[in-house]
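Novice: Numbering (our numbering), first residue to last: 50 to 382.
Glycine included, every Cβ here is placed at the ideal spot set by N, Cα and C.
Model, not experiment: these values are computed from the prediction.
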């Protein structure tokens, strides 16, 4: 009897000991949960199978204007959010309960009644009971409105910077007065064009360049001033641009000189195009103080099929331009 009593006393002692340990563990877990639910800046919530709130963090309650998280119990998203938002959330949570697959890192946009836009980074998970069956969902969300606005502002600034860089790049290749490409761009395009045509198997396929000089431009400047001289440059530049093909590239070579690269054009075709341009400029009226004034140009043309490298191609066109100017101007060679 004494032995049985001792055994029973021993078993009771250890049972009470285990209960005490279990109770302490429950108290500790409850304390930790309370710290999380009341101390986290992120919203945390639990919902039953009907997607009604059963437990909420303090941050979640404050989000909806409540001090006590218990005031949210029994309510759903439809009580707080716009219908469209609530329906989408409802469908997401139904899918989670059906598939058991969580929804991680969804960006959610909420427009409050006062029109303020709030952005959330949300994640939702299935909520299991003791038997491993899904009994609802639980989730967290973080207000990232300030971060989102900062990212949007950064994207806007980057876009503006990109536009500014494109303008700067354009400015570095475009002559401000004539609005044609500048000399720097001419050399780069000409060198690239020479490389392309030098590697072509079709030796009959070639290109030409024109060098164009305004006749008596110094006289225009000396007689009417630099402002009229600048207008004359723009006047000729516009005619050049309007009377060349989309495949041609037009440049202000410098001062009163211009250049054109004519793709897939032999020497005869190049001279014909130069003649037409020369005639077009001669037939156009340039007004100086409401008085029509005739401007002409001299042109030199060279062809890649005759001069393979850049320096010789330019030298030949420049020589022919010189001939045009010293044989009476307003002509092509």
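Grouping DSSP H, G and I as helix and E and B as strand, with all else coil, what is residue 285?
Specialist: Note: residue 285 maps to helix in three-state DSSP.
Novice: Hey, residue 379 and residue 345: beta-carbon distance below 8 Å or not?
Specialist: The answer is yes: Cβ separation under 8 Å.
Novice: Name the residue from 131, 185, 153, 342 whose alpha carbon lies nearest to the alpha carbon of residue 165.
Specialist: Checked all of 131, 185, 153, 342; the closest Cα to residue 165 is 131.
Novice: Suppose you measure from the CA of residue 136 to the CA of residue 124; what does that come to, to the nearest Å?
Specialist: Computed Cα separation, rounded: 15 Å.
Novice: Does DSSP put residue 141 in a helix, a strand or coil?
Specialist: Residue 141 falls in the helix class under three-state DSSP.
Novice: At the level of alpha carbons, what is the spacing between residue 292 and residue 198?
Specialist: One C-alpha to the other measures close to 49 Å.
Novice: Go ahead and pull the three-state DSSP assignment for residue 99.
Specialist: Residue state, collapsed to three classes: coil.
Novice: Quick check: the segment 235-251 against the segment 330-343, are at least 3 beta-carbon pairs closer than 8 Å?
Specialist: Verdict: no, contact absent.
Novice: Using a Cβ-Cβ cutoff of less than 7 Å, which residues in the same chain neighbour residue 92 once the five nearest sequence positions on both sides are dropped?
Specialist: Once the five neighbours on either side are set aside, the close Cβ partners of residue 92 are 106, 108, 109, 112, 189, 190.
Novice: What does the alpha-carbon distance come out to for the pair residue 370 and residue 256?
Specialist: About 18 Å.
Novice: Pair every Cβ in the segment 303-320 with every Cβ in the segment 259-266, then say whether three or more of these pairs are closer than 8 Å.
Specialist: Enough Cβ pairs lie closer than 8 Å, so yes.
Novice: Can the beta-carbon of residue 95 be found closer than 8 Å to that of residue 104?
Specialist: Closer than 8 Å, so yes.
Novice: Go to residue 191, then tell me how far its beta strand (DSSP E) extends in each direction, as first and last residue.
Specialist: Residues 183-192.
Novice: Where does residue 361 land, buried or exposed, given buried means 16+ other C-beta within 10 angstroms?
Specialist: Answer is exposed; the Cβ neighbour count stays below 16.
Novice: Could you pull out every residue in the same chain whose Cβ sits closer than 7 Å to the Cβ of residue 374, ignoring the five residues on either side in sequence?
Specialist: If we look at residue 374 and ignore the five residues flanking it on each side, its Cβ neighbours are 262, 347.
Novice: Can you tell me whether residue 317 is helix, strand or coil according to DSSP?
Specialist: Residue 317: helix per DSSP, three-state reduction.
Novice: Could you spell out the range, first to last residue, of the beta strand (DSSP E) harbouring residue 341?
Specialist: 340-343 is the extent of the beta strand (DSSP E) around residue 341.
Novice: Provide the residue span of the alpha helix (DSSP H) that contains residue 337, from first to last.
Specialist: Here residue 337 belongs to no alpha helix (DSSP H); instead the beta strand (DSSP E) covers 334-337.
Novice: So, are the CB atoms of residue 288 and residue 329 less than 8 Å apart?
Specialist: Going by C-beta atoms, residue 288 is nearer than 8 Å to residue 329.
Novice: Helix, strand or coil for residue 175? Go by DSSP, reduced to three states.
Specialist: DSSP places residue 175 in strand when its eight states are reduced to three.
Novice: Return the bridge partner residues of residue 94 from the DSSP annotation.
Specialist: Answer by DSSP bridge pairing, in chain order: 105, 188.
Novice: Going by C-alpha to C-alpha distance, which of 332, 254, 268, 273 sits closest to residue 313?
Specialist: Comparing Cα-Cα distances from residue 313 to each of 332, 254, 268, 273, the minimum goes to 254.
Novice: Quick check: the Cα distance between residue 148 and residue 185, rounded to an integer number of angstroms?
Specialist: One C-alpha to the other measures close to 12 Å.
Novice: Quick one, are the C-beta atoms of residue 319 and residue 311 less than 8 Å apart?
Specialist: Yes, Cβ-Cβ distance for residue 319 and residue 311 is below 8 Å.
Novice: Hey, how far is the Cα of residue 227 from the Cα of residue 372?
Specialist: Distance between the alpha carbons of residue 227 and residue 372: 26 Å.
Novice: Name the residue from 97, 193, 355, 224 whose alpha carbon lies nearest to the alpha carbon of residue 174.
Specialist: Taking only the C-alpha atoms, the option nearest residue 174 is 97.
Novice: Buried or exposed, going by whether 16 or more other CB atoms sit within 10 Å of the CB of residue 196?
Specialist: Under this definition residue 196 is an exposed residue.
Novice: State the CB to CB distance for the pair residue 229 and residue 286, rounded to an integer number of angstroms; the pair is presumed to be in contact (CB under 8 Å).
Specialist: The pair is a contact, with the Cβ atoms about 5 Å apart (cut-off 8 Å).
Novice: Around the C-beta of residue 221, are 16 or more other C-beta atoms found within 10 angstroms, so that it is buried, or is it exposed?
Specialist: Exposed, because fewer than 16 other Cβ atoms sit within 10 Å of the Cβ of residue 221.
Novice: For the alpha helix (DSSP H) that residue 273 lies in, which residues bound it at each end?
Specialist: 266-273 is the span of the alpha helix (DSSP H), which, as asked, contains residue 273.
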